[in-house]
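Mapping the sequence shown onto full-length UniProt numbering, position 87 (from 1) lands on 87, and the numbers just tick up by one. Here the structure comes first, spelled out in structure tokens, and everything after it is commentary.
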Amino acid sequence: MDFSSKLLENAVYEISQLPGIGKRTALRLALHLLRQPKDQTERLSFALQNLRNEIKYCKNCHNISDVDLCEICANPKREESLVCVVEDIRDVMAIENTGQYKGLYHVLGGKISPLDGIGPSDLNIHSLVEKVKEGVVKEIIFALSSTMEGDTTNFYIYKQVSPFNIKTSTIARGIAVGDELEYADEVTLGRSILNRIPFENSLKS
Ligand SMILES: [Zn+2]
Numbered sequence: 001m002d003f004s005s006k007l008l009e010n011a012v013y014e015i016s017q018l019p020g021i022g023k024r025t026a027l028r029l030a031l032h033l034l035r036q037p038k039d040q041t042e043r044l045s046f047a048l049q050n051l052r053n054e055i056k057y058c059k060n061c062h063n064i065s066d067v068d069l070c071e072i073c074a075n076p077k078r079e080e081s082l083v084c085v086v087e088d089i090r091d092v093m094a095i096e097n098t099g100q101y102k103g104l105y106h107v108l109g110g111k112i113s114p115l116d117g118i119g120p121s122d123l124n125i126h127s128l129v130e131k132v133k134e135g136v137v138k139e140i141i142f143a144l145s146s147t148m149e150g151d152t153t154n155f156y157i158y159k160q161v162s163p164f165n166i167k168t169s170t171i172a173r174g175i176a177v178g179d180e181l182e183y184a185d186e187v188t189l190g191r192s193i194l195n196r197i198p199f200e201n202s203l204k205s
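Given below as structure tokens:
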């Protein structure tokens with residue numbers, strides 16, 4: 001692509017670094033921004049910079065939050081003995097939308113994936129095991145996607161926490177968990193959390 005302006009070229013390059021955005025789309029977006037009132041673009045760049053600079057991760061569950069302890073963890077009505085293990089914030093949002101779950105979460109920040117060079121130490125697993133050791137957690141619900149990486153991660157955590165005599169369960173497979181938890185419809189997802197099965201049973205099938 002030949003650009004008459006280095007400024008435009010730079011902007012197009014940066015926009016095209018976003019997932020699913022090719023050079024042509026990036027150019028269309030850049031030109032769109034140029035046609036917008038100046039303060040519109042300023043608000044966009046301010047929001048992005050603020051997001052990047054100010055965002056925090058909850059010190060208890062690693063959920064994205066504006067404060068040290070996220071709203072869910074800070075809510076005294078939530079059962080702190082019940083912890084749902086999820087991959088990222090999109091899963092938290094999906095499960096919260098069901099309105100059926102009253103426990104807390106633990107956001108791993110990914111799944112164990114040796115092919116991508118992601119091992120247990122790259123994820124928030126240690127802090128989960130520590131919470132279990134402290135004795136506050138009585139049940140862990142695995143809600144990772146039912147892929148090989150999800151299964152590997154569940155099993156790794158299961159092995160880590162099984163000496164501590166807590167309940168482990170998994171949300172019913174083949175009903176709620178497709179490839180992406182976020183796409184499961186709310187009624188189905190909510191029902192599968194309520195009808196979760198012991199993790200040991202999921203290993204046999
Ligand atoms: Zn939290």
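Even for Gly, the Cβ is constructed at its ideal location relative to N, Cα and C. This structure is a prediction, so every number in the text was calculated from the model and none was measured.
Ignore the nearest five residues each way along the sequence and tell me which others in residue i's own chain have a CB closer than 7 angstroms to its CB.
| i | result |
| --- | --- |
| F164 | V132 and K133 |
| A30 | L8, A11, V12 and I15 |
| A176 | Bear in mind that a pLDDT of 40 at A176, under 50, signals an unreliable position, so the model cannot answer this. |
| V92 | N63, V86, Y105 and V107 |
| V137 | S81, V83, K131 and I166 |
Just tell me which of the options has its CA closest to the CA of residue i.
| i | options | result |
| --- | --- | --- |
| C84 | D68, V67, N63 and I21 | N63 |
| Q160 | E200, L34 and E130 | E130 |
| N97 | I21, L203, D2 and G190 | G190 |
| L203 | F155, R28, G117 and E149 | F155 |
| T152 | C70, Y57 and S113 | S113 |
| E149 | L128, K167, T168 and V86 | V86 |
| K6 | G119, G22 and L27 | L27 |
| F3 | C61, T188, R24 and Q17 | R24 |
| S145 | I171, L115 and E139 | I171 |
| I70 | G117, L18 and V107 | The sequence as given places Cys at residue 70; Ile does not occur at that position. With distances taken between Cα atoms, C70 lies closest to V107. |
| L48 | L18, V137 and H126 | L18 |
| H126 | R35, F199 and Y158 | Y158 |
Closer than 6 angstroms by C-beta to residue i: which residues in its own chain qualify, once you throw out the five before and the five after it? Chain order, please.
| i | result |
| --- | --- |
| G109 | L123 and N124 |
| G119 | none |
| L82 | G103 and E139 |
For residue i, which residues of its own chain have a beta-carbon under 8 angstroms away from its beta-carbon, when the five flanking residues on both sides are left out?
| i | result |
| --- | --- |
| D68 | K56, C58 and K59 |
| G22 | S16 |
| I89 | N63, I64 and V107 |
| E200 | T168 |
field: Test item, CB below 5 angstroms from any non-hydrogen atom of ligand 1
entry: Taking a cut-off of 5 angstroms from the heavy atoms of ligand 1, the residues with a C-beta inside it are C58, N60, C61, N63, C70 and C73.
query: Can you list the alpha helix (DSSP H) stretches of 4 or more residues lying completely in the UniProt domain "Toprim" (81-176), in chain order?
result: Entirely contained in the UniProt domain "Toprim" (81-176), the alpha helix (DSSP H) runs reaching 4 residues are, in chain order, 89-98, 126-134 and 148-161.
- request: Taking 8 angstroms as the threshold, find out whether the segment 73-85 comes into contact with the segment 102-117 through three or more Cβ pairs.
  value: Yes, they touch.
query: For the segment 37-44 against the segment 52-63, are there 3 or more C-beta pairs whose distance is under 8 angstroms?
result: Result no; under three Cβ-Cβ pairs closer than 8 angstroms.
- prompt: At what residue ranges does the segment 9-96 contain a whole run of the alpha helix (DSSP H), taking only runs of 4 or more?
  reply: Whole alpha helix (DSSP H) segments, 4+ residues: 23-35, 38-54 and 71-74.
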